[in-house]
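Peer 1:
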Amino acid sequence: MATPAIEFAGVTKVYQRRLGGVQVAALSGISFAVARGEVCAFLGPNGAGKTTSMNILMGFIYASSGTSRVFGYEPGDVRAKQRIGFLPENFAFYRYLNAEKLLRFHLRLSGRAVADPEALIAGLLAKVKLDGYKGLKIGKYSRGMVQRLGIAQALLGDPELLVLDEPTSGLDPAGRKEVRDLILALKAEGKTIFLSSHILSEVEQICDRVIIIDRGYMVRAGTMQEMLAEGTRVEIVVDQLTEDLEHAVKERGASVEREGNRVRISLDAAQKRAVVEMLWAGGSDVLSLTPVKTSLEETFLKVVAEGGAR
Amino acid sequence: MKIRTIAFATFGSFLRNKVMILFGSLFACIVLLMMTPLLGYKAMTNASNAQQMQGFILNEVAMVVSLVSGFGSLLAAWAAADSLAGEMKSGTILAVMARPLRRWEFLAGKYLGVLMLMTVYVVAMLGVTLLLAWLGGQGFHTSLWTLLVYPLVRYAIWAAISMLLVTMLHPILVMGIVVVLATLVQLFGSASSPIPAWLRLPVHNVLPLTGLLSEERFLVITRASLRPFPWTSHLTALTYGVDYALVCFLLAVLVFQRRSLTRD
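Top line first, the protein sequences correspond to chains A and B. Be aware that the first sequence starts at 912, since it is given in our numbering, and climbs by one per residue. Be aware that the second sequence starts at 1064, since it is given in our numbering, and climbs by one per residue.
1. Please state the DSSP three-state secondary structure of M1129 of chain A.
2. Taking a contact to mean a Cβ-Cβ separation below 9 Å, would you say T1325 of chain B touches F1004 of chain A in this structure?
3. Compute the Euclidean distance between the alpha carbons of Q1320 of chain B and L968 of chain A, then round it to the nearest angstrom.
4. E1071 of chain A by DSSP, collapsed to three states: which one?
5. Quick one: which unbroken alpha helix (DSSP H) runs of 4-plus residues sit fully inside the region 1074 to 1128 of chain A? Chain order, please.
6. Could you tell me whether the Cβ atoms of T1103 of chain A and A916 of chain A are closer together than 9 Å?
7. Using the beta-carbon of each residue, which ones in chain B are nearer than 8 Å to L1020 of chain A?
8. With a cut-off of 8 Å on the beta carbons, I'd call P1070 of chain A and L1106 of chain A a contact; round off their distance for me.
9. So which of B:P1259, B:P1293 and B:T1302 has the shortest CA-CA distance to L1272 of chain B?
10. Return the chain-ordered list of same chain residues with a C-beta closer than 7 Å to the C-beta of G983 of chain A, the five sequence neighbours on each side being excluded.
11. What do you reckon, are the CB atoms on K1065 of chain B and R1162 of chain B nearer than 9 Å?
12. How would you write the range of the alpha helix (DSSP H) that F1011 of chain B sits in, first residue to last?
13. Could you spell out where the alpha helix (DSSP H) holding K992 of chain A opens and where it closes?
14. Listing by chain order, which chain B residues have their CB less than 8 Å from the CB of V989 of chain A?
15. Reducing DSSP to helix, strand and coil, say where Q1151 of chain A ends up.
16. Whole angstroms are fine: how far does the CA of K1173 of chain B sit from the CA of W1208 of chain B?
17. For the region 1133 to 1156 of chain B, list every residue whose C-beta sits within 8 Å of some C-beta in chain A, in sequence order.
18. Can you confirm whether Q1064 of chain A, when its beta carbon is compared against all beta carbons of chain D, has any partner nearer than 9 Å?
19. On the DSSP bridge assignment, give the partners of P1202 of chain A in chain order.
20. Kindly list the residues whose CB is nearer than 8 Å to the CB of L1247 of chain B, restricted to its own chain and excluding five residues on each side of it in sequence; keep chain order.
21. Which residue spans inside the region 1164 to 1212 of chain A form an unbroken beta strand (DSSP E) run of at least 3?
22. When the cut-off is 9 Å and only beta carbons count, does G955 of chain A lie next to chain B?
23. Can you tell which of A:E918, A:D1196, A:K1045 and A:M1138 has its C-alpha closest to the C-alpha of V981 of chain A?
24. For the region 997 to 1010 of chain A, list every residue whose C-beta sits within 7 Å of some C-beta in chain B, in sequence order.
25. Extract the residue ranges of the alpha helix (DSSP H) inside the region 1080 to 1146 of chain B, only unbroken runs of 4 or more that lie entirely within it.
26. State the CB to CB distance for the pair A1144 of chain B and P1214 of chain B, rounded to an integer number of angstroms; the pair is presumed to be in contact (CB under 8 Å).
27. Between A:M1135, A:S1177 and A:K1098, which has its C-alpha nearest L1111 of chain A's C-alpha?
28. Does H1109 of chain A have its Cβ less than 9 Å from a Cβ in chain B?
29. Since V1145 of chain A and P1084 of chain A should fall inside the 8 Å C-beta cutoff, what is the C-beta to C-beta distance between them, to a whole number of angstroms?
30. By the criterion of Cβ-Cβ separation under 8 Å, what are the contact partners of T1325 of chain B in chain A?
31. Which of the residues in the region 1087 to 1109 of chain A, read from start to end, lie with their CB under 8 Å from any CB of chain B?
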């Protein structure tokens, strides 16, 4: 079995304020693995510990306990970093350089031998739609342009693993779509992608797997199908509903909404057969039965709320 | 290759740094300001006061050289502190360190970038010294390598000390400590210091002996010639300086290896 691209086992990070002040646990025993070729979303509300985890993964900070591996190597090991493209949250740059010079600088640092570096850089700038601005100093770029440049530098070393911390942050809807398409193209090339984002509708479209953390704890992990199937509901529309029947379906966890001469019943998919039979037997005419899938956003909010309640 | 890339980028960033431009402008202003009395003395020189005026001029030159030399130590310390702290504060270090680059390579690149800047400074300093001496009617009848190498090694020490401190402390605090250290070096380094020997000697052994690396050991500007020193003396003094800088740099690498690269 191939070594996973990313492995976290019981990773804990505690920040200690200086001079013996309070301790803040940013991560508490996080464990997960990301297989090669997988597109995995790392989700959580602000302050959940996503960026801390990514910083540990990149070797920028050290975990207080637990182990983490990237392609089987310690985070920060150059053998691992040779295979990673990283986009930090709020990508910072040398403002006095232009895009071409910045990418040339990063290419030299990547140690990648390229026959025609100029062509590679021009191709990457075209890919992120910055080819028209390659001579402009980065200090004059808009937030969205900087983000695109950050994505270009992440792709520079032809990495096997892309770690993207909020890749669509600061982009307009068209820019977001372009980044989404780019990620899908990279996915088709077989790249492993580990990304964090707050735009869950996008995550739903591009990711195979989801890991949700909250307040430093991992609260849910699963495939996208599992996430969306969780709590899958159906909606039944009937012509009429007696009070006895309404009482009976509500006992099965359904919600009832009356709209003119129709009644909408929303309930868990597991209950649909029993409820439909009950409705038929009770004299209601079932006009339609529609499966209603939970969105990732709903699942996320539910999971985080459950975590908060705990 | 990677170290060289970081070094050139660091040097390039210094040339665009606003504080550095301010430093450079201040340096030029001070030199120009000091030249005014120098040229005044020269203009007032006549047959009857030639010797007295020559003395004034050479004292003036010695003062400028001493000032510029001391200024260089502060510049080296500030450049080293800022080159690392600036990257961490702005967050540019994250994209750089995401590359297959070891932490010591990054630090070595930063340090070399600072030394490149200080090489430019030392060459400029020598240029100013020669210009002022020429204006004062004196010429250096000696090899000038000591005037290039000695200050550079001295600045390498201050840069390494500053780099070590900035891996642990805020750059402003680092500059404060460097100034205190420089004062202590003067205080403890002098044989005529009022500090008792039992305290002076141990502290003196820990502090950098920058006096040993001062070009003033060799050059008496008021005579504008080099005192003869055997090559073994040069070798010992320079090896001491390089060793001191290396120890500080290695300690900086050790501390930097374990520290967080983020602003948390």
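Note that beta-carbon positions come from the ideal geometry of N, C-alpha and C, so glycine has one too.
Peer 2: Reading it off the structure:
1. strand
2. no
3. 16 Å
4. coil
5. 1084 to 1099 and 1111 to 1117
6. yes
7. K1065, T1068, I1069, V1159, R1162, P1163 and L1164
8. Rounded, the Cβ-Cβ distance is 13 Å, inconsistent with contact.
9. B:T1302
10. T914
11. yes
12. No information on residue 1011 of chain B is available, as it lies outside the stretch 1064 to 1327 that chain B covers here.
13. V989 to K992
14. P1163, L1164 and R1165
15. coil
16. 25 Å
17. S1153, G1154 and T1155
18. This model lacks chain D altogether, as its protein chains are A and B.
19. A:V1145
20. V1266 and L1270
21. 1166 to 1170, 1173 to 1179 and 1197 to 1203
22. no
23. A:E918
24. F997, P999, N1001, F1002, A1003, F1004, Y1005 and Y1007
25. 1081 to 1107
26. The pair is not a contact, with the Cβ atoms about 19 Å apart (cut-off 8 Å).
27. A:M1135
28. no
29. The pair is not a contact, with the Cβ atoms about 32 Å apart (cut-off 8 Å).
30. N966, F971 and I972
31. none
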